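K.L.:
Can you read through this structure? Questions will come right after.
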Amino acid sequence: MVKDVIENMAGNGLRTIALAYRDFPADSPPDWEQENSVVSNLTCVGITGIEDPVRPEVPDAIIKCQRAGITVRMVTGDNVNTARSIAAKCGIINPQDDILVMDGKEFNRRIRNSKGEIEQSRLDAVWPKLRVLARSSPTDKHTLVKGIIDSTVTPVREVVAVTGDGTNDGPALKKADVGFAMGIAGTDVAKEASDIILTDDNFTSIVKAVKWGRNVYDSIAKFLQFQLTVNVVAVIVAFLGACILKDSPLKAVQMLWVNLIMDTLASLALATEQPTDALLLRKPYGRNKALISRTMMKNILGHAFYQLIVIFVLLFAGDVLFDIDSGRGLSLHSTPTQHFTIVFNVFVLMQIFNEINARRIHGERGMSSTASSPTPSFAASSSGHSSCR
Numbered sequence: 001m002v003k004d005v006i007e008n009m010a011g012n013g014l015r016t017i018a019l020a021y022r023d024f025p026a027d028s029p030p031d032w033e034q035e036n037s038v039v040s041n042l043t044c045v046g047i048t049g050i051e052d053p054v055r056p057e058v059p060d061a062i063i064k065c066q067r068a069g070i071t072v073r074m075v076t077g078d079n080v081n082t083a084r085s086i087a088a089k090c091g092i093i094n095p096q097d098d099i100l101v102m103d104g105k106e107f108n109r110r111i112r113n114s115k116g117e118i119e120q121s122r123l124d125a126v127w128p129k130l131r132v133l134a135r136s137s138p139t140d141k142h143t144l145v146k147g148i149i150d151s152t153v154t155p156v157r158e159v160v161a162v163t164g165d166g167t168n169d170g171p172a173l174k175k176a177d178v179g180f181a182m183g184i185a186g187t188d189v190a191k192e193a194s195d196i197i198l199t200d201d202n203f204t205s206i207v208k209a210v211k212w213g214r215n216v217y218d219s220i221a222k223f224l225q226f227q228l229t230v231n232v233v234a235v236i237v238a239f240l241g242a243c244i245l246k247d248s249p250l251k252a253v254q255m256l257w258v259n260l261i262m263d264t265l266a267s268l269a270l271a272t273e274q275p276t277d278a279l280l281l282r283k284p285y286g287r288n289k290a291l292i293s294r295t296m297m298k299n300i301l302g303h304a305f306y307q308l309i310v311i312f313v314l315l316f317a318g319d320v321l322f323d324i325d326s327g328r329g330l331s332l333h334s335t336p337t338q339h340f341t342i343v344f345n346v347f348v349l350m351q352i353f354n355e356i357n358a359r360r361i362h363g364e365r366g367m368s369s370t371a372s373s374p375t376p377s378f379a380a381s382s383s384g385h386s387s388c389r
């Protein structure tokens with residue numbers, strides 16, 4: 001019966017409950033403390049299979065996590081066969097993958113030495129391939145989280161997020177880098193130990209949290225790329241202009257205008273962009289990764305180089321190109337000339353286009369890129385620049 005019925009049900013993701021009875025004499029009740037004798041010689045009435053269906057949106061959310069470079073592991077108290085079936089339905093495990101599915105007893109046998117002590121080297125041989133841990137205790141969950149965090153198998157330490165709803169999940173939630181507690185089914189202890197509370201108890205909310213977190217990083221990087229390009233160009237033009245022409249082509253009031261108007265609107269435009277699913281198609285950022293990546297540095301220097309060429313051509317040959325009076329060689333605090341006004345306006349226009357370029361920080365190319373579609377805040381920022389200018 002166990003093999004033919006119960007294991008078959010468990011393999012289909014059902015939680016099983018056996019119903020049985022036994023008659024006892026009314027005049028001499030059994031010793032209820034002797035459990036083994038009480039539950040022997042029972043007559044089986046039936047076996048019930050209870051299904052806890054997987055939410056329809058969970059498999060898609062797990063696929064998004066895997067594409068984003070996030071490994072999803074399931075730690076549960078269910079039977080190993082039930083856990084394996086549920087994990088397969090969710091997409092946590094696939095038949096062709098080289099993974100481990102084990103119960104808590106086997107897990108402890110593998111990670112502990114002859115003295116019963118946990119060894120990190122033994123744990124490092126298990127956790128990279130472990131995807132499902134069944135029949136596990138809260139202690140096993142904490143041990144797994146601590147082992148992954150303390151592991152030196154990977155070049156960079158793993159960042160671990162844990163979900164939980166019970167009081168016993170508190171230590172694991174506290175130990176993890178990010179703890180997610182269930183807002184509906186979660187206990188107060190779990191909520192207190194966590195960093196983020198999922199108000200809808202939905203796994204897809206974790207995907208949204210990852211997406212928004214990466215969007216914050218990207219927004220900061222976009223503004224830095226824009227700001228550094230503007231500053232590099234402005235500093236070089238002001239310095240070389242002061243050295244060669246004895247006066248800066250970009251006046252202090254003009255630079256103040258750039259800082260107050262352009263930088264303010266640009267920060268609002270670049271920092272308020274909504275996250276997209278494209279953020280989940282990249283691997284996570286490294287813990288020790290530089291904020292300014294190599295691609296960003298290439299963009300900053302490349303954009304600054306072409307802007308400097310344009311400005312210096314206008315500065316030293318603009319009067320000839322446009323047949324206007326030269327603004328070079330005038331005395332300090334003289335009336336602004338048409339020549340230098342053109343230089344400043346071209347500088348501002350290039351920053352507007354630089355703001356568009358700053359939306360691309362990962363080497364995206366072509367107008368088909370998601371970075372090429374303007375958001376309402378970005379369009380409003382560009383319009384504000386033009387109107388203020």
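The sequence shown finishes on residue 389 if you use my numbering, and the numbering steps up by one all the way, no holes.
Where is the CB? At the ideal position from N, CA and C, for every residue including glycine.
Treat the numbers as computed from the prediction; the structure is a model and nothing was measured.
(1) With 16 as the cutoff for other CB atoms within 10 Å, does Ser368 come out buried or exposed?
(2) Does the stretch 215 to 226 come into contact with the stretch 271 to 284, if we say contact requires no fewer than three beta-carbon pairs (one atom in each stretch) closer than 8 Å?
(3) Give the range of the beta strand (DSSP E) segment to which Leu14 is assigned.
(4) Do Pro25 and Val38 have their C-beta atoms closer together than 7 Å?
(5) Just how far apart, CA to CA, sit Asn12 and Val145?
(6) Comparing C-alpha positions only, which one of Leu19, Glu192, Phe223 sits nearest to Asn358?
(7) Alpha carbon to alpha carbon, how far is Pro53 from Gly166? Give it in angstroms, no decimals.
(8) Among Leu100, Ala10, Thr143, Leu301, which residue has its Cα nearest to the Cα of Val231?
(9) Taking buried to mean at least 16 other C-beta atoms within 10 Å of its own C-beta, is Ser372 buried or exposed?
(10) Could you round the C-beta distance between Val162 and Gly179 to whole angstroms and report it? I think they count as a contact, below 8 Å.
(11) Met9 to Phe107, Cα distance in whole Å?
(12) Three or more C-beta pairs closer than 8 Å, one from the stretch 183 to 190 and one from the stretch 317 to 325: is that the case here?
(13) Just curious, the beta strand (DSSP E) that Ile47 is in, first and last residue?
(14) Quick check on DSSP: helix, strand or coil for Ala181?
(15) At 4 residues or longer, and completely inside the stretch 202 to 260: list those alpha helix (DSSP H) runs for me, N to C.
(16) So for Ile342, helix, strand or coil by DSSP?
(17) With 16 as the cutoff for other CB atoms within 10 Å, does Val253 come out buried or exposed?
(18) Leaving aside the five residues before and after Cys65 along the sequence, list all residues of the same chain whose C-beta is less than 7 Å from its C-beta, in chain order.
(19) At what residues does the beta strand (DSSP E) containing Ala125 begin and finish?
(20) Could you compute how far the alpha carbon of Val153 sits from the alpha carbon of Lys105?
(21) So for Leu315, helix, strand or coil by DSSP?
P.N.:
Per the coordinate set shown:
(1) For the purposes of this step, residue 368 is taken as residue 368 along the sequence shown, with counting starting at 1. Bear in mind that the predicted position of Ser368 carries a pLDDT of just 40, short of 50, making it unreliable; the figure below should be weighed with that in mind. Exposed.
(2) yes
(3) What you label residue 14 is simply residue 14 of the sequence shown in a count that begins at 1. Leu14 -> beta strand (DSSP E) spans 14 to 21.
(4) Stepping through the sequence shown from its first residue, residue 25 is reached at position 25. Stepping through the sequence shown from its first residue, residue 38 is reached at position 38. Against a cut-off of 7 Å, the Cβ pair of Val38 and Pro25 comes out as no contact.
(5) The count along the sequence shown starts at 1 and reaches residue 12 at position 12. The count along the sequence shown starts at 1 and reaches residue 145 at position 145. Computed Cα separation, rounded: 28 Å.
(6) Within the sequence shown, numbered from 1, the residue matching residue 358 stands at position 358. Looking at the sequence provided, one finds Ala at residue 358 rather than Asn. Of the candidates Leu19, Glu192, Phe223, the one whose C-alpha sits nearest the C-alpha of Ala358 is Phe223.
(7) As a working note, residue 166 is residue 166 in the sequence shown. As a working note, residue 53 is residue 53 in the sequence shown. Those two C-alpha atoms are separated by around 20 Å.
(8) Looking up residue 231 in the sequence shown gives position 231. For the sequence presented, residue 231 should be read as Asn rather than Val. The shortest C-alpha separation from Asn231 is found at Leu301.
(9) Along the sequence shown, one-based indexing puts residue 372 at 372. Here the model assigns Ser372 a pLDDT of 49, short of 50, so the residue's position is not dependable, and the following value carries that caveat. Flag for Ser372 reads exposed.
(10) Here residue 162 is taken as the residue at index 162 of the sequence shown, counted from 1. Here residue 179 is taken as the residue at index 179 of the sequence shown, counted from 1. Confirmed, Cβ separation roughly 5 Å.
(11) Here residue 9 is taken as the residue at index 9 of the sequence shown, counted from 1. Here residue 107 is taken as the residue at index 107 of the sequence shown, counted from 1. Each residue's alpha carbon lies about 24 Å from the other.
(12) no
(13) Here the question's residue 47 lines up with position 47 in the sequence shown. Ile47 -> beta strand (DSSP E) spans 43 to 51.
(14) Stepping through the sequence shown from its first residue, residue 181 is reached at position 181. In the structure shown, Ala181 sits in a strand (DSSP, three-state: E or B).
(15) 204 to 245, 252 to 257
(16) The residue you call residue 342 lines up with position 342 of the sequence shown. Helix, per DSSP.
(17) Start at 1 with the first residue of the sequence shown, and residue 253 comes out as number 253. Its Cβ having fewer than 16 others within 10 Å, Val253 is exposed.
(18) By one-based count along the sequence shown, residue 65 stands at place 65. The residues are Val72, Val207.
(19) Numbered from its first residue, the sequence shown carries residue 125 at position 125. Neither: Ala125 is in no beta strand (DSSP E) and is coded neither H nor E.
(20) For this step, residue 153 is matched to residue 153 along the sequence shown. For this step, residue 105 is matched to residue 105 along the sequence shown. Their Cα atoms are separated by approximately 24 Å.
(21) To locate residue 315, count along the sequence shown from 1; it is residue 315. Helix, per DSSP.
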